[in-house]
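Residue numbering for the sequence shown follows this note's numbering, starting at 4 and increasing by one per position. Virtual Cβ for every residue (Gly too), placed ideally from N, Cα, C. Predicted model only: the values in this text are computed from it and were never measured. Here is the structure we will look at.
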Amino acid sequence: MSDEQDNTLTRRNFLTGAAALMAATGAAFSAYPFIRAMSPTKDLLAAGVQEFDISTLKLGELKTVIWRKQPVFILKRTPQMIEEAAEVKTSDLVDPAAPEERAANPELFVSLGICTHLGCIPKFVEKMPESGTSGFYCPCHGGKYDNLGRRLGGPPPENLHLVPYRLAGKDRLIIGTAEFGGYGENVRKIKDLPPVEA
């Protein structure tokens, strides 16, 4: 093989390598906007943690707020409601959960306001059909939950899903974390919730 052929081969290898490197760099630059577009934006991450004023919430009253485009129930439970929920036999429930597994503070119940059957929004009633106790009732298909969102009857397969929250003083409730998405997380016990940062 002559020196001229050696030079040609070396030049060819160099040009092939340089072209491959430029193609890979171009592909990386082209892919970056797509990858960035699929990542959550700062405002979306910030929307994952919201603060709500509960100073006007009275005993026995339900407040519905919107968090991450999902309804969230905030119920200030009366001593009678607490007693009613305590009388429910956990062993009789389809999706068993003790009261302390559903509410960190007995007086306050916080959950997603989405029926676990077909995604309707149940309404809070002081007297549930048949039982006469307070709870969440979904009139669309007859789903029944007690005042801790535990499934009592009807077609829903499980309890109302919980959301991470913490109290900031007596009057402010902070809901969510940057990563927690809501309904798809399928959390039904307090212990499974991610902590809300202080």
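Counted within 10 angstroms of its Cβ, other Cβ atoms place residue i as buried (16 or more) or exposed
i    : result
L78  : buried
G29  : exposed
N162 : buried
D149 : buried
A21  : exposed
A106 : buried
Local conformation of residue i per DSSP, three classes
i    : result
G156 : strand
P43  : Only weak support is given to the placement of P43: the predicted model assigns it a pLDDT of 46, under 50, and the question is left unresolved by the model.
E110 : coil
A100 : coil
D174 : coil
E87  : helix
F183 : coil
E188 : helix
R92  : One detail in the question is off: residue 92 reads as Lys in this sequence, not Arg. Here K92 sits in coil by DSSP.
P198 : coil
L115 : strand
G138 : strand
G20  : helix
G122 : coil
Same chain, Cβ closer than 8 Å to residue i, neighbours up to 5 away in sequence not counted
i   : result
I69 : V75
L47 : Only weak support exists for where L47 lies, its pLDDT of 46 falling under 50; the value from the coordinates is given anyway. Excluding residues within five positions, none has a Cβ falling inside 8 Å.
M41 : Low confidence applies here, because M41 scores a pLDDT of 46, under 50, leaving its location unreliable and the question unanswered by this model.
Same chain, Cβ closer than 7 Å to residue i, five either side skipped, listed in chain order
i    : result
R169 : I177 and V199
P99  : T93
Y56  : It should be noted that the sequence gives Asp, not Tyr, for residue 56. Contacts found: D174 and R175.
Y186 : Q73, L115, I117 and H164
Bridge partner(s) assigned by DSSP for residue i
i    : result
Y202 : Because the chain here runs from 4 to 201, residue 202 falls outside it and cannot be looked at.
I69  : P74
G146 : C141
F127 : F139
K3   : What the structure shows of the chain is the stretch from 4 to 201, and residue 3 is not part of that stretch, so it cannot be assessed.
F55  : L176
Cβ-based neighbour list, residue i, same chain, cut-off 6 Å, excluding 5 preceding and 5 following
i    : result
P43  : Any reading at P43 needs caution, since the residue's pLDDT is 46, under 50, leaving its predicted position unreliable; the model's value is listed next. Here the set comprises nothing.
E54  : R175 and I177
F139 : P125, F127 and Y148
G145 : G157
C143 : C123
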